[in-house]
Amino acid sequence: MTIAWRLLGFSGLWLILAGWDPASWIIGLPSVLLAAWLYGRLARQARLPSARLTLGFLSFFLIESVHAGTDVARRILRPRMRISPGLQTYRMRLANPTARVVFLDSISLLPGTLSADFVNREEIQVHALDATVDLAPELDDLERRVGRLFGEELKPVGGLHD
Numbered sequence: 004m005t006i007a008w009r010l011l012g013f014s015g016l017w018l019i020l021a022g023w024d025p026a027s028w029i030i031g032l033p034s035v036l037l038a039a040w041l042y043g044r045l046a047r048q049a050r051l052p053s054a055r056l057t058l059g060f061l062s063f064f065l066i067e068s069v070h071a072g073t074d075v076a077r078r079i080l081r082p083r084m085r086i087s088p089g090l091q092t093y094r095m096r097l098a099n100p101t102a103r104v105v106f107l108d109s110i111s112l113l114p115g116t117l118s119a120d121f122v123n124r125e126e127i128q129v130h131a132l133d134a135t136v137d138l139a140p141e142l143d144d145l146e147r148r149v150g151r152l153f154g155e156e157l158k159p160v161g162g163l164h165d
């Protein structure tokens with residue numbers, strides 16, 4: 004990404020966050036310049052996802068967030084829906100530390116789930132509103148999507164066990 008695009012992107016973000024007040028640019032201009040410079044340095048040091056892959060993942064993230072919110076709302080409004088909370092253990096396969104963080108932070112977008120704890124460096128515990136449902140297919144799909152975002156191709160494998 005060129006410096007011009009970075010400056011434009013961070014300026015747009017500043018406008019969204021701070022509004023149209025010209026006085027905000029007293030802090031905004033140095034912030035935008037610093038953010039564009041840091042992004043450029045980090046991009047050279049680490050492989051960052053392409054804009055196309057990032058937009059694709061964000062679309063997936065937004066759709067799944069709506070599904071997750073709808074699922075939880077349905078469970079609240081219909082008390083007869085099954086709720087059997089519990090923890091399940093999932094073995095992660097992602098190698099990239101940034102990809103792992105994105106994966107862990109994204110787990111909560113799956114209906115009724117929340118990343119809860121590390122068992123060790125490779126395994127995490129996932130809290131589920133209905134622990135009788137096997138989360139392996141959904142977690143595997145999410146992990147593969149995050150992996151693709153960061154250039155890691157993972158084969159589909161169920162990684163969940165009790």
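Numbering (this note's numbering), first residue to last: 4 to 165. Backbone N, C-alpha and C define an ideal beta-carbon position, used for all residues, glycine too. The model shown is predicted, which means the values in this text are computed figures rather than measured ones.
- Taking the CA atoms as reference points, D137 sits about 28 Å from L56.
- In the structure shown, T57 falls within a helical segment according to DSSP collapsed to helix, strand and coil.
- Look at the beta carbons and you see the region 97 to 113 not touching the region 78 to 88: under three pairs across the two are nearer than 8 Å.
- When the beta-carbon positions are compared, A39 and F13 come within less than 7 Å of each other.
- The C-beta distance from L97 to E67 rounds to 18 Å, too long to fall under 8 Å, and the pair is not in contact.
- The DSSP-derived three-state label of I86 is coil.
- Cα atoms of R103 and L41: separation of roughly 22 Å, rounded to the nearest angstrom.
- The beta carbon of F64 sits closer than 7 Å to the beta carbons of S109 and L112 from its chain, once the five residues preceding and following it are set aside; these are given in chain order.
- Runs of alpha helix (DSSP H) with 4 or more residues, each lying fully within the region 88 to 160, are found at 100 to 109 and 139 to 152, listed in chain order.
- By the C-beta density criterion, F121 is exposed, having fewer than 16 other C-beta atoms within 10 angstroms.
- A straight line joining the alpha-carbon of W28 with that of L10 spans about 13 Å.
- If the five residues before and after D74 are omitted, its C-beta is found closer than 7 Å to the C-beta atoms of P114 and G115, all from its own chain and listed in chain order.
- Judged by DSSP secondary structure, G12 falls within the alpha helix (DSSP H) whose first and last residues are I6 to A21.
- Taking every protein chain shown into account, the CB of I127 has 16 or more other CB atoms within 10 angstroms, so this residue is buried.
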